[in-house]
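Asks:
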Ligand code: KMH
Ligand code: ZN
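Residue numbers (my numbering): 1 to 273.
1) Do residue 105 and residue 142 come within 8 Å of each other at the CB atom, strictly closer than that value?
2) Mind the definition here: the stretch 252 to 260 touches the stretch 49 to 69 only if three or more C-beta pairs lie below 8 Å; say whether that holds.
3) Just verifying my parser: in three-state terms, what is the DSSP assignment at residue 219?
4) Three or more C-beta pairs under 8 Å: does that hold for the stretch 182 to 196 against the stretch 162 to 171?
5) Put residue 174 into one of helix, strand or coil per three-state DSSP.
6) Could you check whether residue 37 and residue 219 sit closer than 8 Å to each other, using their CB atoms as the reference points?
7) Keeping to the same chain, check which residues put their C-beta closer than 7 Å to that of residue 156; ignore five residues upstream and five downstream.
8) So, helix, strand or coil for residue 89, using DSSP?
9) When the Cα atoms are used, what is the spatial distance from residue 244 to residue 267?
10) Which residue comes first and which comes last in the beta strand (DSSP E) that contains residue 201?
11) In terms of residue numbering, what span does the beta strand (DSSP E) encompassing residue 239 cover?
12) Using a Cβ distance threshold of 8 Å, determine whether the stretch 1 to 17 contacts the stretch 72 to 88, with at least three qualifying pairs required.
13) Contact between the stretch 19 to 31 and the stretch 200 to 210: three or more CB pairs below 8 Å?
14) In the DSSP assignment, what residue or residues form a beta bridge with residue 138?
15) Looking only at its chain, what residues have a beta carbon closer than 6 Å to the beta carbon of residue 211, apart from the 5 residues adjacent to it on each side?
16) Provide the residue span of the alpha helix (DSSP H) that contains residue 32, from first to last.
17) Identify every residue that forms a DSSP beta bridge with residue 143.
18) Say whether the stretch 97 to 104 touches the stretch 128 to 135, bearing in mind that this needs 3 or more beta-carbon pairs closer than 8 Å, one atom from each stretch.
19) Do the CB positions of residue 76 and residue 44 come within less than 8 Å of each other?
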């Protein structure tokens, strides 16, 4: 049985409690959701933080408080999103690394993103990659479309990324590649050997795409950032419920969910600061 790392993306930047009342938004709710996801078998939680009005924010105090609350309560690994939210300027987003998470996302390209625009200017991306390397924060490279992989590999060629590289193949965003097996295969087949990768399916294809990713030998992410539903018409009651379903699938296909300590080794995370 090989090991698979399951990540729970707890909140995201777009959904609100009006879309699903179980969505965690305050630091305390996010920490509760992180503990639930870890108990259900997630080794990593991917975290966006929200302000008191529920809007995505790059506020460092809120981020530090949220990371601290999670770390006080369970050993799950915390990955902060530097994607933050579509309306938050890149110059604010990049400061989030000062919260010193073990891991953070690195979005390498600008793109249309649903009804909005996701701005990741090349100079800013390089600066953020260099800062993460300096602070020993492991970047997860977010690949939403086929050419994004080459942009990420160019950063590696420039010496801005340490091996092993870690990728998320994020499919199903309007503006990126569709959530299909062929999109996943065409990207994954070009990921350099020795890298870690996970499949993310946004929206309706969440379950199928993460299952295919696990079957191909990759890792997988689920959670209320990626889907608010268990199935059509059935809202997820919690992040833990989505994680438990994916953990069951992983076990059924002989992929043993990694605990945080195993995930730390598999991803060669730099030592905690
Ligand atoms: N929002 C997702 C589509 C990030 O937060 O930096 C991808 C993501 C990236 O989770
Ligand atoms: Zn995210």
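Quick reminder that beta carbons are idealized off the backbone N, C-alpha and C, glycines included. Note that the structure is a prediction, hence the values are computed from the model and not measured.
Replies: Quick look at the numbers:
1) yes
2) no
3) strand
4) yes
5) strand
6) no
7) 165
8) coil
9) 22 Å
10) 196 to 201
11) Note, residue 239: premise wrong, no beta strand (DSSP E); alpha helix (DSSP H) at 239 to 252.
12) yes
13) no
14) 103
15) 249
16) 27 to 40
17) 169
18) yes
19) yes
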